[in-house]
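Protein sequence lines, in the order shown, are assigned to chains A and B. For the first sequence, our numbering assigns the number 11 to the initial residue and increments by one for each residue that follows. For the second sequence, our numbering assigns the number 11 to the initial residue and increments by one for each residue that follows. Glycine included, every Cβ here is placed at the ideal spot set by N, Cα and C. Remember, predicted model here, so these are calculated numbers, not experimental data. Input: a single structure, listed below in structure tokens.
Number of protein chains: 2
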Amino acid sequence: MNETSKIAILGGTGPQGKGLALRFAIAGVPVVIGSRDSERAAEVAVELSAALPEGSATIEGIENLAAATAADEMIILSVPYSAHDATLADLKHLLSGKILIDIVVPLAPKNPKAVVMPPEGSATEAAQALLGDDIAVVGALHNVSAVTLNNIEQPINCDVLVCGNQLDAKKSVMTLIEKLGVKAYNAGLAESARCIEALTPILIRLNISKEVPFTHAGVTIAPPAH
Amino acid sequence: MNETSKIAILGGTGPQGKGLALRFAIAGVPVVIGSRDSERAAEVAVELSAALPEGSATIEGIENLAAATAADEMIILSVPYSAHDATLADLKHLLSGKILIDIVVPLAPKNPKAVVMPPEGSATEAAQALLGDDIAVVGALHNVSAVTLNNIEQPINCDVLVCGNQLDAKKSVMTLIEKLGVKAYNAGLAESARCIEALTPILIRLNISKEVPFTHAGVTIAPPAH
Numbered sequence: 011m012n013e014t015s016k017i018a019i020l021g022g023t024g025p026q027g028k029g030l031a032l033r034f035a036i037a038g039v040p041v042v043i044g045s046r047d048s049e050r051a052a053e054v055a056v057e058l059s060a061a062l063p064e065g066s067a068t069i070e071g072i073e074n075l076a077a078a079t080a081a082d083e084m085i086i087l088s089v090p091y092s093a094h095d096a097t098l099a100d101l102k103h104l105l106s107g108k109i110l111i112d113i114v115v116p117l118a119p120k121n122p123k124a125v126v127m128p129p130e131g132s133a134t135e136a137a138q139a140l141l142g143d144d145i146a147v148v149g150a151l152h153n154v155s156a157v158t159l160n161n162i163e164q165p166i167n168c169d170v171l172v173c174g175n176q177l178d179a180k181k182s183v184m185t186l187i188e189k190l191g192v193k194a195y196n197a198g199l200a201e202s203a204r205c206i207e208a209l210t211p212i213l214i215r216l217n218i219s220k221e222v223p224f225t226h227a228g229v230t231i232a233p234p235a236h
Numbered sequence: 011m012n013e014t015s016k017i018a019i020l021g022g023t024g025p026q027g028k029g030l031a032l033r034f035a036i037a038g039v040p041v042v043i044g045s046r047d048s049e050r051a052a053e054v055a056v057e058l059s060a061a062l063p064e065g066s067a068t069i070e071g072i073e074n075l076a077a078a079t080a081a082d083e084m085i086i087l088s089v090p091y092s093a094h095d096a097t098l099a100d101l102k103h104l105l106s107g108k109i110l111i112d113i114v115v116p117l118a119p120k121n122p123k124a125v126v127m128p129p130e131g132s133a134t135e136a137a138q139a140l141l142g143d144d145i146a147v148v149g150a151l152h153n154v155s156a157v158t159l160n161n162i163e164q165p166i167n168c169d170v171l172v173c174g175n176q177l178d179a180k181k182s183v184m185t186l187i188e189k190l191g192v193k194a195y196n197a198g199l200a201e202s203a204r205c206i207e208a209l210t211p212i213l214i215r216l217n218i219s220k221e222v223p224f225t226h227a228g229v230t231i232a233p234p235a236h
């Protein structure tokens, strides 16, 4: 992927998608956000573009499948879990040669403090099973809160755990993510998503419970003290 | 639990158990380490005691069941996963009114970069199912490396995620753990152990792969930047 390859963010009109669109555009990565509703996507793109500092890359907004087609290589899936499988089934024929970055967490319906994992083990593994082994699926960005992403005045103060069964795709995604100024770690095969996705409700729980002296916690990989 | 309540560490002659014994004794908590082999336990207790700075609490070593009996309230289970269920079955009749702190990670046989979760979902949930609801099981301390624990010259530079179905027991364990100078977080019900236990092989993987500029990584809950 060259410096100006365009990425798509499907479900890009939700809080997580909007925050990622802003962060990537600021980092110089052109973004096309997708939505089931192309008008809504276009409106949000205008709104986000107005918030971008000078020198940022562009944000466009179109319908989900058109957005996937417009992406040069990487497509971020940021839809609610209830739409995860159906969106992938619609997209599958467009994904040949591209990388699907799955950031979806299978939160329990009406309970963001719990996950209900799919039979495949995790959303990332379900996506890989649905798309087949010829399309690279990489799980990432599950643990960064939407509030943190949208607070563009501040750096993103957590690390990103990246997993998937294809090493080259994983490395490309780690390079993309590190443009956001965070450290991305190779957290192993797709099955690691069982843990990484399930960290999100634990973080949400800490934020809701006010047991932490801050909100919108993330995780970092901690070195030993020296 | 008062300041000087004695804790037991079963499987206390392994690297993790030894490191915890040192850290708790240094923090002023008397420790009795247990092993299947009482002579081995006594030898290790002598070895560890020699490493303690002046003013530390004592470390004794006896057989596992005797150690569980000697504990005032809290018993840390630190055996290899292969001995997890059998040790608990042996202990069950001694645990009434006590708290079982399960730190065991169900690592895959011959592959510390993967877990094989039990049918109950996690080792902590398996322990709770085996002991019944009248005995409090708390999952904790899964993600602190043995090397970090045994390097007693240095502070433990990571956080501890604590989970379990009984809130009072969980709070007692958090208070105990914070004596080690770390922050303990209430990570929710026992089912959170599915995630917390599975974090360990991800950390082991990062350490083995040298993808991190340090070894023996832990995790911390990161606040947003200010």
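Buried versus exposed call for residue i [16 or more other C-beta atoms within 10 Å across all chains shown]
i                      : result
residue 103 of chain B : exposed
residue 99 of chain B  : exposed
residue 126 of chain B : exposed
residue 116 of chain B : buried
residue 56 of chain A  : exposed
residue 60 of chain A  : exposed
residue 180 of chain B : buried
residue 106 of chain A : exposed
residue 120 of chain B : exposed
residue 92 of chain A  : exposed
residue 132 of chain B : buried
residue 232 of chain A : buried
residue 151 of chain A : buried
residue 142 of chain A : exposed
residue 65 of chain A  : exposed
residue 134 of chain A : buried
residue 171 of chain A : buried
residue 201 of chain B : buried
Interface residues of chain B facing residue i [CB-CB closer than 8 Å]
i                      : result
residue 87 of chain A  : The contacting residues do not exist; residue 87 of chain A stays about 21 Å from chain B at best.
residue 219 of chain A : 196
residue 33 of chain A  : Neighbours of residue 33 of chain A on chain B: none; closest Cβ ~13 Å, over 8 Å.
Neighbourhood of residue i by C-beta, 6 Å cutoff - its chain only, sequence neighbours within 5 removed
i                      : result
residue 237 of chain B : With chain B covering only 11 through 236, there is no way to say anything about residue 237 of chain B.
residue 191 of chain A : 165
residue 199 of chain B : 175
residue 34 of chain B  : 41
residue 130 of chain B : 136 and 139
Span of the alpha helix (DSSP H), counted from its first residue to its last, around residue i
i                      : result
residue 80 of chain A  : 74-80
residue 212 of chain B : 203-219
residue 100 of chain B : 94-101
residue 27 of chain A  : 25-36
residue 114 of chain B : Counting along the chain, residue 114 of chain B falls outside any alpha helix (DSSP H), and DSSP gives it neither H nor E.
residue 141 of chain A : 133-141
residue 58 of chain B  : 48-61
Boundaries (first-last residue) of the beta strand (DSSP E) holding residue i
i                      : result
residue 162 of chain A : That residue, residue 162 of chain A, is in no beta strand (DSSP E); it is neither H nor E in DSSP.
residue 194 of chain B : 194-196
residue 123 of chain A : 121-125
residue 232 of chain A : 228-232
residue 44 of chain B  : 41-45
residue 178 of chain B : Counting along the chain, residue 178 of chain B falls outside any beta strand (DSSP E), though it belongs to the alpha helix (DSSP H) covering 177-188.
residue 20 of chain B  : 17-20
residue 151 of chain B : That residue, residue 151 of chain B, is in no beta strand (DSSP E); it is neither H nor E in DSSP.
Residues near residue i in its chain [Cβ-Cβ closer than 8 Å; skip 5 each side]
i                      : result
residue 228 of chain A : 153, 154, 155, 158, 166, 167, 168, 169 and 213
residue 11 of chain B  : Here the model assigns residue 11 of chain B a pLDDT of 46, short of 50, so the residue's position is not dependable, and the following value carries that caveat. So the list reads 82, 83, 84, 182, 185 and 186, once near-sequence residues are dropped.
residue 96 of chain A  : none
residue 217 of chain A : 155, 225, 226 and 227
residue 88 of chain B  : 19, 20, 21, 22, 24, 26, 27, 30, 113 and 114
residue 124 of chain B : 117, 118 and 211
residue 16 of chain B  : 39, 40, 41, 42, 80, 81 and 82
residue 160 of chain A : 25, 28, 29 and 32
Own chain partners of residue i with C-beta closer than 7 Å, once the 5 adjacent residues on each side are dropped
i                      : result
residue 236 of chain A : Since pLDDT at residue 236 of chain A reaches only 45, below the 50 mark, its modelled position is unreliable, and no value is offered.
residue 219 of chain B : none
residue 188 of chain A : 194
Neighbour list for residue i in chain A, Cβ cutoff strictly below 8 Å
i                     : result
residue 91 of chain B : Near residue 91 of chain B there are no residues of chain A at all, since even the closest Cβ is about 16 Å away, more than 8 Å.
Proximal chain A residues relative to residue i, where beta-carbon distance stays under 9 Å
i                      : result
residue 160 of chain B : Near residue 160 of chain B there are no residues of chain A at all, since even the closest Cβ is about 11 Å away, more than 9 Å.
residue 69 of chain B  : Residues of chain A passing the Cβ test: none, with the nearest at roughly 23 Å.
Beta-carbon neighbours of residue i, restricted to chain A and to distances below 7 Å
i                      : result
residue 208 of chain B : 204 and 205
residue 72 of chain B  : Neighbours of residue 72 of chain B on chain A: none; closest Cβ ~31 Å, over 7 Å.
Chain D contact for residue i (CB, 8 Å cutoff)
i                      : result
residue 216 of chain B : Going by chain labels, chain D is absent from the structure shown, which instead holds the protein chains A and B.
Under 7 Å by beta carbon: chain B residues contacting residue i
i                     : result
residue 36 of chain A : None at all; the shortest Cβ gap to chain B is about 15 Å.
Original post:
Quick one, which residues of the segment 105-123 of chain A are near chain B if we go by CB-CB under 8 Å, in chain order?
Top reply: 123
Subject >> Contacting positions in the segment 13-31 of chain B - beta carbon closer than 7 Å to chain A >> reply: none
**OP:** Give the residues from the segment 183-197 of chain B that approach chain A closer than 8 Å (Cβ to any Cβ), ordered along the chain.
**Re:** 195, 196 and 197
**OP:** Could you list the residues in the segment 161-183 of chain A with a C-beta less than 9 Å from some C-beta on chain B, going in chain order?
**Re:** 161, 164, 165, 166, 167, 168, 169, 171 and 173
**OP:** For the segment 131-151 of chain A, enumerate the residues whose C-beta is nearer than 7 Å to any C-beta of chain B, in chain order.
**Re:** none
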